[in-house]
Structures are given as C-alpha cells and as structure tokens.
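Here's the structure, in structure tokens; my notes come after.
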C-alpha cells in the first residue's frame, strides 16, 4: 500500500474541500429539510440533447444524494432510467437505507417527478482499511495527452448543454475529432471545468461513454436509449482529465452492452462503469 | 444476422420447453396465486456454504421471477444482497413493474424474509429485431475442453450444496484443480446437471465467479462478502458447458470489483456478469 499513514481506519471519506469541480453545484442538486431528500431541477445544463437528462448526471445525482445522506463514500451504484426526465422537470431524489453496518451502508435511491418514478437505483457505500489492493487486466495503449487530441466532434443537435460543460477529446479517432473504435474499443479524454475531483459522482458523469463507444463501433448514427448507468469505484483521485477506455462487449436483439475503464493520465484505475442500451435506427 | 427467419419480431423469447436444466426447478422457486410473487425456500441445494444463499442463485431467482411475471426475456439485472438469507428462510420474491412499453419492461424485484428485505434488484426485459449485432474485445486464449480439465478444487467446508450440483473445472490453474489467475484473469468451465439451457437465469448462477477470481488473483484465502451480482445478457444459448472468463478489475479500501465474460465452447459471448465484494482476512 505505502500510503496508509494518513488514512482513517474506515478507508476513504467523501471529499469536502477537495480540489476540482464541486459536483452538487455542477449538477444543480439542491438540499431540502430532509437530509435523505434532494431536488434535481432538470436544466439544459445537465441534459445530453433534446432537453433530456444526461444519464451520467442522473447517476451522479444518485451518488451525491447517497453520499451526503449517509456520510460514506459510494463504492457501487446501478441506476435504471425508467421514464425520460426532461426540462423543466424537478426530480425528487430520495435515499432509503436498507441496511447500515459499522462500515457499509446499502440502500435504494429513487427519483420521482410528481409521483412518477424516473430513476430507480441501488447503492452501496463505505470502505475500510485492508491491504489487498491492485488493478489488473487490459491497460490502455500509449496515447497522446489531452492537449494534443482534437475536441470530440458530435452532431450539434444532439450535443446538449452538458456537452458544452465537459471537455471531451477523441484519443482514438480521426484528426477531425470523430471517435473511432478498433474491435469495439475506443478512447476519449474527458474533464470538468475546474478539473476532475476525487469524487465518485464526477466519474459517473464522465464515465457515461458507452453510447459514444457504440456509435464508434457501428460507425453509424444509431439511436440509443440507456437502460442503466452503473459504476464500481476503485478509488477516486483528483486529476486534470480522465481517460475513458470504452469497450463495447456485445450487441444482439436491439440491445448493446459496454464497459468503461476510467483511468488517470498516469494509469491509475479509478472506476469501472457499464451500461446497457436499446439501439435502433435513428 | 443470418438467422432472422424463424424469429419473432420481438427478438428472443423466454424459453419454455428448451433443452437443458429447468431453472425454476433447479432453484426450487415456487409459484403463488399472484403471478408477480414467487417463493424461494433457502435450502442447502442453493447455498454456497455455511447455509447462506449463493449469490448467483439469488440473482437467478430474480431473473426467473421477472421473466415469468412479465413474459419477456431478461436483458439486464442488478441484484443487491442486503442481509444474508440462510436456511431455512423462505424468500418472497416480488416483481414490480415500473414501466412497460411495447417492447421493454423495466421493474424492481424485492426479496423479503418476513418483512425484512434480503434482496433488492433492478431488471429490464424485452428485446426486438434489429440487425446490429456482434461481440468485441478480449477473447479467451486456446484452452483445453471441459473433459480435459480437472474438477475445481475448493476448501470443502465452503463448498456448500450448490457447488455439488454444478460441474466446475479449472481451465487455468494447477493440475490438482486449484484455479490460478494471470494479471487478474482466470478461466473455468461450468455446467449444470442437464446441460446449460438458453436462459439468463442459468448464466446468472454459473456467472457468479468473481469471488473465485479474487481468490485466484490474491492467491490467498480471503473472506469475501458479495455486495451485488449483476448481469448483462447478450444472447443465451443452450450448450454443454460455459467458459467463465473472469477478470478482477481492481481492489482498494476493502473492496474488489470484477467482470466475467460468459462464453459458449465455440466462442459466442452469452453474457457479461459483474460484481463488487467486501474482502477481508478470513
């Protein structure tokens, strides 16, 4: 480990005054009198296009709500998108504890507009000091750094307000910024306005890249609807930008599934996100 | 695609009289008067050791309940294990529709013992005819077939009743059947008594292999407690055995995360399962 000295026995803690973008402010997530209930106004700033909530922002709101309500850092979340939330909906995001032990809290987070469920999520939070640590499996190839990569090129009408707030660079692709995949694998650099904080919710926003990978893999302008966004957090770390290592795993019967390994520029694995989506002709 | 001829417009259907093990019977899942409510008596037959429900059997019960209640094939499920269910608990497994469209049903499945939640799951079901199809990413190396591999060797006291009913062979490991990993990746063949049916629930049972991969990676007798079992279904297929291609992705702060690609013997990707677990000294 070589870094245990300054760490609390419970392992990592949610970051309070950490460097990088303040994620609750970034999302526009608002506290209420009930610490387990937060409000997420769906503004253009968190939409991915056509006034629809960006999936990664939905997952991030789940993460922030669960971390702030429980006081523990998130380690796993799966968020299902049930009904599209669109501007100007206001989502009531509610955290419910299913079990809370000495180290770990498990719960559900539900997002409702009026009484209608738009997000349904499962979450686990809490870590502990234990020396078994490491990262394994495919590492990214040598790639040019973010500043040497072209800004990702997207169809403008699908860009949405969120896309204007995150810096995305095509690390595998054409010189004009179109992301390309080889054997279903594609790479992007992504960052937030004030850098990437050591926060699971930041990784949730940036790690929502499976649909990008699907488009790069099929080289076709497919319509995709996310079923879920899921995240497994290894250890968040503040950094200038993250490398999204996107692997589309398989597609059949109108669905595509993919996995994203989220890396620091110096090759630390921060998280693994994954997603299933419905694909169809646009 | 080259196989569309005999298929219904909705894509694959849940299998009724398919070859291979009947999964509801295998699990001992019992119908009730309410089609959305099933009963799962926790018997030694579905336990992984020390009288505790095997995670893959919990996920499989969720899958079977959702498929039977909705009449649609499962494509994604994430199942959180909240409290340990042990013999002789009887779990009431309840499917709740959150939204049901022309093609896709999304819902929640909750397992309770008495009033206590022991399983909390999210599910999506339903497919459609669409030509975009494929599989991408790392393929398994050339490995000996199941019959040429040694039966997996486990510590007997942790074997449990379920382990006696599934045939597991170490495809990467020592000649005595101990599974070994290289760069966090290990391989097992796994099968059910009457072969593997074309069923998501069979893949849920067999695909619960991350803890095996963690033990193989750390080469240590660690205690592991599953937080969740999740599955993304590409397309189930009946086969003699499945190859479990287990990749431990990362571990830190008392948690380990891993991914399993589930393959047919001839290299078709059936599903991707994943899991997070708490690890600690035994």
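Residue numbers (the working numbering), protein chains in the order written: chain A, 1 to 282; chain B, 1 to 282. Every residue gets a Cβ at the ideal spot worked out from N, C-alpha and C, and that includes glycine. Nothing here was measured: the structure is a model prediction, and the numbers come from that model.
By the Cβ neighbour-count rule, residue 25/B is exposed, with fewer than 16 other Cβ atoms within 10 Å of its own.
Legend: CB atoms of the segment 236 to 252 of chain A lying less than 9 Å from CB atoms of chain B belong to residues 247, 248, 249, 250, 251 and 252.
When the beta-carbon positions are compared, residue 262/A and residue 243/A come within less than 9 Å of each other. As DSSP reads the structure, residue 79/A sits in a beta bridge with 121/A and 229/A. If you check each beta-carbon in the segment 52 to 86 of chain B against every beta-carbon of chain A, the ones closer than 7 Å belong to 75, 76, 78, 80, 82 and 83. Within the model, the alpha-carbon separation for residue 189/A versus residue 138/A is close to 17 Å. The three-state secondary structure of residue 240/A, taken from DSSP, is coil. It is roughly 6 Å from the alpha-carbon of residue 135/B to the alpha-carbon of residue 251/A.
DSSP assignment within the segment 84 to 110 of chain A yields the following whole beta strand (DSSP E) runs of 3 residues or more, N-terminal first: 90 to 100. In chain order, 80, 82 and 110 place their CB closer than 7 Å to the CB of residue 120/B, counting only its own chain and leaving out the 5 sequence neighbours on each side. Counting of Cβ neighbours within 10 angstroms places residue 164/B among the exposed residues, the total staying below 16. Contacts with chain A (Cβ-Cβ distance below 7 Å) from the segment 143 to 154 of chain B involve no residue at all. Contact annotation, residue 70/A with residue 105/A: C-beta distance approximately 5 Å; criterion of less than 8 Å satisfied. With a contact defined as Cβ atoms closer than 8 Å, residue 46/B and residue 74/B miss out at about 19 Å. Our two residues, residue 249/B and residue 270/A, have alpha carbons roughly 10 Å apart in a direct line.
Excluding five sequence positions before and after residue 197/B, the CB atoms of its chain that fall closer than 6 Å to its own CB belong to 18, 20, 21 and 238, given in chain order. Chain order gives the chain B residues near residue 183/A as 136 and 137, where near means a beta carbon separation below 7 Å. For residue 227/B, the nearest CB of chain A lies under 9 Å from its own CB, placing it at the interface with that chain. Closest option to residue 126/B, judged by alpha-carbon separation, among 149/B, 235/B, 246/B and 162/B: 235/B.
Classified as exposed, residue 147/B has fewer than 16 neighbouring CB atoms from the shown chains inside 10 Å of its CB.
Proximity to residue 129/A across 256/B, 52/B and 48/B peaks at 256/B, based on C-alpha coordinates. Residue state for residue 163/A is assigned as helix, using DSSP reduced to three classes.
When DSSP states are grouped into helix, strand and coil, residue 45/B belongs to the helix group. Nearest neighbour of residue 152/A by Cα position, chosen from 213/A, 231/A, 35/A and 226/A, turns out to be 213/A.
Per DSSP, the unbroken alpha helix (DSSP H) holding residue 201/B starts and ends at 200 to 206.
Of the residues assessed, residue 155/B falls on the exposed side of the cut-off, its CB having fewer than 16 other CB atoms within 10 angstroms. Within chain A, no residue has its CB atom less than 7 Å from the CB of residue 264/B, the nearest being about 12 Å off. 41/B is the residue among 209/B, 273/B and 41/B whose C-alpha sits nearest the C-alpha of residue 112/B.
Here residue 272/B carries a strand assignment [DSSP, helix/strand/coil]. The C-alpha of residue 266/A is placed about 43 Å away from the C-alpha of residue 50/B. In the DSSP assignment, residue 130/B falls outside any beta strand (DSSP E), carrying neither H nor E. Considering only 77/B, 253/B, 68/B and 211/B, the residue with the shortest C-alpha distance to residue 159/B is 211/B. Identification of residues in the segment 112 to 129 of chain B having a C-beta nearer than 8 Å to some C-beta of chain A yields 117, 120, 121, 122, 124, 127, 128 and 129, given in sequence order. Assignment of residue 279/A by DSSP, reduced to helix, strand and coil, places it in the strand class.
Listed along chain A are 130 and 132, each with a C-beta nearer than 8 Å to that of residue 279/B.
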